[in-house]
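Student: I have a structure here, written as structure tokens, and I will follow up with some questions on it.
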């Protein structure tokens, strides 16, 4: 099970995910601020992961 999850995690493009959740959070702010902030938090996490992955590729 962990092997398949690791394979999926390698295929995920976190930068696209970060932009997706950022846009989703901006749309959710019209519904409820708590929902918007939670999606914004997920967007920041994905953005930091993608930044870390690109930093490691440069080395």
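In UniProt numbering, the protein residues as written are 1 to 59.
From the three backbone atoms N, C-alpha and C, an ideal C-beta is built for every residue, glycine too.
These figures come from a predicted structure and were not determined experimentally.
1. Where does residue 32 sit, in a helix, a strand or coil, going by DSSP?
2. I need the straight-line Cα distance from residue 30 to residue 39, nearest angstrom please.
3. What does a CB cutoff of less than 7 Å around residue 59 pick up in its chain, not counting 5 residues either side in sequence?
4. What is the rounded straight-line gap between the Cα of residue 41 and the Cα of residue 49?
Tutor: Working from what's here:
1. coil
2. 13 Å
3. Residue placement at residue 59 is poorly supported in this model, since its pLDDT is 49, which falls under 50; the coordinates still yield a value, given next. Here the set comprises nothing.
4. For the pair residue 41 and residue 49, the Cα-to-Cα distance works out to about 13 Å.
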